[in-house]
Amino acid sequence: MSRIALVDDDRNILTSVAMTLEAEGFEVETYNDGQSALDAFNRRLPDMAVLDIKMPRMDGMDLLQRLRQKTSMPVIFLTSKDDEIDEV
């Protein structure tokens with residue numbers, strides 16, 4: 482079973498996305514900010530991460546930079562930012 486880490490400061494988003502992924506058979510771990518996720522990832526890396534961009538303590542972009550120093554695991558950004566300049 483694949484382990485997916487969800488990192489978002491919005492509890493409602495964490496709950497709804499986690500429920501959807503768990504219903505599809507994934508093991509899901511949730512974190513409220515980037516620093517908490519990074520601390521957990523230093524102990525055990527998930528198979529994939531879904532990150533919010535704007536979060537307290539450490540945002541998603543900073544977390545991704547730190548992750549890329551040691552892993553190439555897949556990362557998806559899930560965000561409410563909708564300005565054209567923010568699009569990938």
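Residue numbers for the sequence shown follow the numbering used here, beginning at 482 and rising by one. Note that CB positions come from ideal geometry on N, CA and C, so glycine has one too.
By the Cβ test, the segment 538-553 is in contact with the segment 504-522, since at least three Cβ pairs between them sit closer than 8 Å. In terms of Cβ geometry, E505 and R484 do not form a close pair [threshold 7 Å]. In the DSSP assignment, R538 falls outside any beta strand (DSSP E), carrying neither H nor E.
DSSP places M529 inside the beta strand (DSSP E), whose first and last residues are 529-532.
In the three-state reduction of the DSSP assignment, L559 falls in the coil class.
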